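First the structure, in the form of structure tokens, and then the observations on it.
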Amino acid sequence: MVRRDNSRNDKKNTGKKGLSAEAWHMPVSASVETEAQLKAVMDIKAVSRIYVDEACFGIPEITSDKKESGSKAANEKREAEAFAAIFRSIRASGKECGLRLRRIERETDPFLNSRELLDNLVKLEAAPDAVLIRSFDEAMLLSESEPSESGNKGLNTIKKIFDYTCYGYNTEAVSMLLDLGAEGLTYPIELTGRECMGLRKSLKENESDERLRTVPYEALVYGHLPMMVSANCIQRTSDRCDHRNRILRLRDRMQKDMPVRCYCKYCYNQIFNAEPLVLYDLEGDIRALDPESVRYDFSIESENEVRKILSGAVPVAMTRGHFRHGIE
Ligand SMILES: [Zn+2]
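Note that the sequence shown covers residues 9 to 336 in the numbering used here.
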């Protein structure tokens, strides 16, 4: 049963404290999907890099009046300028800005593709410091060698970080990710903490490839993990889509509400786990991975919840994902 998300209360907290963003004493990244989340993380000094989700911001104005909604070129210009404005304000607050690319990239997507968006941002002199790549298609799109209008120069200054959806579970897989242009990786969520430790150890001890020894890792310490991504549009069944983003709830057999996020800028959906992954109260386990940075992924949280989580408050309902399998 799907229903609109209008009865959601803020997450209850256990009263138990984990580490605050500040207490990590290492670079802290946060990814955001709403204006309210962006506002909250901008205020937190310890957050050093903000990833803005490509599917959730810069949505061109679509109106029923064809003349009003403007030409394709005008929409694309507006989209790039919207991101440029966000990145400039993040930078002005003394933080690094990043663009988190869409989860699925299709040739039929409306508006600019990721490569075009980045090229436009380079032209506007508002290129992000980093891009969080979530699929191999995107990695390919960004590594295509033919120079864009502005040349590849601008694009090459943007650091390519691969998300956990680009799954590098062993040395060979990681080596492939590096060949695809990765300059930073995210620890895989499919592995246990112990397996992540083993992976990093074997990379650091690799004698033949310096890239493997030195590639920086980000550890995800908070976020609702996606259970499923589906490449179709719920709204479109009624023949039209207004390209707005929505959050719906799906109730499973256990009467748990799973959030369904509709990313209708590009018309795909993600079903999230009802409980968020929380690892920021496992300081020792996270430090044992020796990450260069930690990351908080925000998706459905309110502004207030974002603040609480970054202050270290631990929600009552949460999951450890695969992290502690075999330990508990
Ligand atoms: Zn749609």
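Just so it is clear, CB atoms sit at the ideal spot from N, CA and C, and this is done for glycine as well. Remember, it's a predicted structure, so these values are computed and weren't measured experimentally.
Query, Result
"Endpoints, the alpha helix (DSSP H) within which ASP127 is located", "122–131"
"CA nearest to the CA of LYS80, picked from PRO299, GLY102, PHE119, ARG123", "PHE119"
"CA nearest to the CA of TYR172, picked from ASP127, MET148, GLU198", "GLU198"
"Close Cβ partners of ILE52 (< 6 Å) along its chain, the five nearest in sequence each way excluded", "ALA29, LEU318"
"N-terminal and C-terminal residue of the alpha helix (DSSP H) that ILE347 is part of", "Not covered by the structure: residue 347. The range shown for the chain is 9 to 336."
"Distance, PHE306 Cα to ARG248 Cα", "28 Å"
"ALA48 classed as buried or exposed, judged by whether at least 16 other C-beta atoms fall within 10 angstroms", "buried"
"GLY23: first and last residue of the uninterrupted beta strand (DSSP E) it sits in", "21–25"
"In chain order, each alpha helix (DSSP H) run of at least 4 residues that lies wholly inside the region 193–251", "201–212, 218–222"
"Coarse secondary structure for LYS47, derived from DSSP in three states", "helix"
"Alpha helix (DSSP H) runs contained entirely in the region 292–317, provided each spans 4 or more residues", "none"
"6 Å Cβ shell around LYS24 - same chain, five flanking residues per side excluded", "VAL322"
"CA-to-CA distance, ARG332 to LEU287, given in whole angstroms", "10 Å"
"Same chain only: Cβ atoms within 7 Å of ALA44, ignoring 5 sequence neighbours per side", "SER310, GLU311"
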